[in-house]
Every structure is written in structure tokens, then in C-alpha cells.
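Sequential numbering of the sequence shown, starting at 314, is according to the numbering used here.
Virtual Cβ for every residue (Gly too), placed ideally from N, Cα, C.
None of the values given here were measured: they were computed from a predicted structure.
A short worksheet on the structure shown next.
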Amino acid sequence: MAQTQSDWISKYRVPLENEESLKAIDREGLGCLESNPWTILKMATIWSYAHHIYLPIIKKRYRHAIYVDLFSGPGLTIDKTTGKRFIGTASLMASISSTRGGFSKCVFVELSRDFAGDLEERLKSLQIAGLLTCGDWSVIQGDCNGVIDEVLERLTESHSHMLLFVDPFGFNFRFSTLKKIIDAGPAFDMFMNLQVGPIARSTGRDASGDFSEGALRAFFPDERWKVCTEAVDIRECLKDRYIDCLYEHGGARIQTVKPIRIRGSGDYYYYLLFTTRKTASGWIQGIDRIKKMVESYDCSSVQHYLHGGATLEDF
Ligand SMILES: C[S@@+](CC[C@H](N)C(=O)[O-])C[C@H]1O[C@@H](n2cnc3c(N)ncnc32)[C@H](O)[C@@H]1O
């Protein structure tokens, strides 16, 4: 039977709001991130992929399944509109329990000293509560672009595969950082938050007058973003050009790129780009199913469910 919107969101609120985990990580004095209603679509996507597709398949084929999160946050998120608490993706992925268990290793990177410390405390609490499934975990405090060599040094196990998550607020992720991972890291699948709105603004084309050429030069491997300043739809153009770069520089590591559009309020949206070295397999069909469902939501429909609505009929 086909899954409805309400089935999907109800199903994925379960791991994101797991009471036992929330009890362990919702500790006084520790910081958290404020999120928007549509954030749970991103969290549900990565959880769903890791839990139902990635871990069951990868752990059958590889000795090590590694999770690397380069913008990990403090491990707890609070929805601005409802005050509901959600397990942050870092805590979520470190306690995931698929039919073949969790990740064998997790490496988290966080720029904020406070958030890095908060995440470490939360992972310890999950461990004490017996909920941590990641065999070996570490938190590196620093700019992921600056500490990427240190991250790669921790990924030396042979016969390993990595799920990489790149989730910046803006676009302070250098292409040279990704290139190092492509060239020196294990085979990987990636989810990357592509913030097309801030990238478009930084080209200086809109009324804000912002122009951050240095940031654009670091984010793209070359100057092809410049063609988008003349495009009818600048955000779509930037997304397409970035995908071209991923294919061009990804070699054997990036053979398929699937953009999943996550709609926020008003005209705001971003893409969660999924990449893999596979060109045809069950897990690409799995991603297509997740994409179809996630793209069917907008801010109002997610908010409707978060506020307790059961179906779209009472929306
Ligand atoms: C969008 S939040 C991540 C949310 C997290 N993925 C989640 O779902 O709970 C981005 C995080 O990246 C951190 N950050 C910003 N710049 C960074 C950088 N250059 N390197 C590492 N972390 C960074 C921020 O402090 C923030 O906690």
C-alpha cells in the first residue's frame, strides 16, 4: 500500500523523538540548535537512508561502515514554532540501530567549541544509557576545512565505506576539502545541504548588494558560477553548475547525484544533494522514493503535522 504524507512523517518522528534518547541528551546547561519545521525532512531523510538502506547493505559488504559529519552541531534541535525537541542528526546517527546494527566508527567535526563539548557530553550520556551504537566515536573541534587531514587520518581502516554528511548553515565548505575526501578517503555516499539561496545572494545579483567573491571561489572549484549571474533562475543554475562540478571532479567516487528539494516558508528552499558511486542499484530506487515523499511537503504541511494534524484533509 502506498505511503501517505502523514504515514511518512509520523513514522519518522518516532526515531527523531525517541523518548529514551531524548531523556539522555536533553540535559540542562547544554546548548542546542533552533530549527525550522522543514528541518525534520532533512533529518528524516538521512535517518531513513542510513537505517533502511545504507547500513543493512554496506555492513553486509564491507567490514567498516563509517559516519563522518563535518558540520555536526550540538546533537539536539528545538523546533522554533512548536518548541518540540528533536534528536540532532549527530546523536541520531551515533545511536542508530538498523537490522545490522550501527556504524562501526563516527567522526564529528564542529566549529563551535561549546557545541563540540555539548555533543561530546551527549554522546557520553547516550553511551552510559546503553543507547550508543557507534563502535568508536570522536569529536574534533575546528573548521572542517582546516582539520580535514586530521579527519582523513582517522579513516585508515581497510575495507571501509563512509556515509558523509555536509550540513552548513551557508556555504563555507571548500571544494578543495571535498576534493581531498574524493582523492584520499574511502568510497562514500554523501548528503550535502546546498544552500542555493545564500549562494545566489552572494553573487551580488539581488538588492542586498552582497557580493562574496572569495567565498564563491572557495565553494566552487572554478568560475562557472559566474554564468548564473545572467540566468533566469539563478538558484537552479547554481545547483546545476555545482552538480556538474561534482560529476567532473568526483571521478569514480561520484557517479550519481540526486538533488532533493526541501521547501521552507515563502520562496525559500534548499537542496539536499545525495551522491553515490553507484549508477544503478536498489539504493538509488530507495533515494528516489525518499525524494518523492520529501518533495511533496512544504512548510505548511510539515507544520500541520507537527502541530498534531493527522491527515491533509483536516489541514
Ligand atoms: C546546520 S548546523 C548542523 C545541524 C546538524 N547537522 C543537525 O541536523 O543537528 C551547522 C553547524 O555547523 C557548525 N559550523 C559552522 N561552520 C563550520 C565549519 N567551518 N566547520 C565545522 N562546523 C561548522 C555550526 O556551528 C553549526 O553547529
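Inset, instruction - Say yes only if the C-beta of residue 401 is nearer than 7 angstroms to one or more non-hydrogen atoms of ligand 1, and no if none qualify. - result: yes
Legend entry - Where the alpha helix (DSSP H) containing residue 383 begins and where it ends: That residue, residue 383, is in no alpha helix (DSSP H); it is neither H nor E in DSSP.
Legend entry - Runs of alpha helix (DSSP H) wholly within the stretch 366 to 443 (minimum 4 residues, chain order): 368 to 374, 402 to 407 and 426 to 441
Inset, instruction - Grab me the residues of residue 477's own chain with a C-beta within less than 6 angstroms of its C-beta, minus the 5 sequence neighbours each way, in chain order. - result: 381, 501 and 503
Inset, instruction - Report yes if the C-beta distance between residue 385 and residue 444 is below 8 angstroms; otherwise report no. - result: no
Inset, instruction - Just mark residue 594 as buried or exposed, buried being the case when its beta carbon has 16 or more other beta carbons within 10 Å. - result: exposed
Inset, instruction - Determine the direct distance from the alpha carbon of residue 572 to that of residue 357, and round the result to whole angstroms. - result: 16 angstroms
Inset, instruction - Using only the heavy atoms of ligand 1, determine whether one of them is closer than 7 angstroms to the beta carbon of residue 481. - result: yes
Legend entry - Status (buried if at least 16 other CB within 10 Å, exposed otherwise) for residue 332: exposed
Inset, instruction - Closer than 8 angstroms by C-beta to residue 438: which residues in its own chain qualify, once you throw out the five before and the five after it? Chain order, please. - result: 337, 338 and 340
Legend entry - residue 364 in three-state terms, based on DSSP: helix
Inset, instruction - Indicate the three-state DSSP secondary structure (helix, strand or coil) for residue 504 in the structure shown. - result: strand
Inset, instruction - Check residue 479 in the structure and name its three-state DSSP category. - result: strand
Legend entry - Those residues which DSSP pairs with residue 449 across a bridge: 418
Legend entry - residue 356 CB to nearest heavy atom of ligand 1 below 7 angstroms: yes
Inset, instruction - Since I believe residue 575 is in contact with residue 551 (beta carbons under 8 angstroms), could you give me their beta-carbon distance rounded to a whole number of angstroms? - result: About 16 angstroms separates the two Cβ atoms, so there is no contact after all.
Inset, instruction - Give the secondary structure of residue 474 by DSSP, where H, G and I count as helix, E and B as strand, and everything else as coil. - result: strand
Legend entry - Per-residue DSSP class, three states only, for residue 571: strand
Legend entry - Backbone CA spacing between residue 461 and residue 487 [nearest angstrom]: 11 angstroms
Inset, instruction - Identify the continuous beta strand (DSSP E) that holds residue 329 and give its terminal residues. - result: Unbroken run through residue 329 is the alpha helix (DSSP H), 318 to 329; no beta strand (DSSP E).
Legend entry - From 600, 564, 472 and 398, residue whose alpha carbon lies closest to that of residue 499: 472
Legend entry - Contact set for residue 424: own chain, Cβ-Cβ below 6 angstroms, skip 5 residues either direction: 456
Inset, instruction - Reducing DSSP to helix, strand and coil, say where residue 525 ends up. - result: coil
Inset, instruction - Report whether the distance from the Cβ of residue 485 to the nearest heavy atom of ligand 1 is below 7 angstroms. - result: yes
Inset, instruction - Going by CA-CA distance only, name the one from 566, 544, 582 and 596 that's closest to residue 493. - result: 566
Inset, instruction - Compute the minimum distance between the beta carbon of residue 550 and the heavy atoms of ligand 1, and state whether it is under 7 angstroms. - result: no
Inset, instruction - Put residue 537 into one of helix, strand or coil per three-state DSSP. - result: helix
Legend entry - DSSP-derived helix/strand/coil call for residue 341: coil
Legend entry - Span of the alpha helix (DSSP H) around residue 551: 547 to 563
Legend entry - Sequence-distant residues of the same chain with beta carbon closer than 7 angstroms to residue 616, five excluded per side: 350 and 394
Legend entry - residue 587 - DSSP class collapsed to helix/strand/coil: strand
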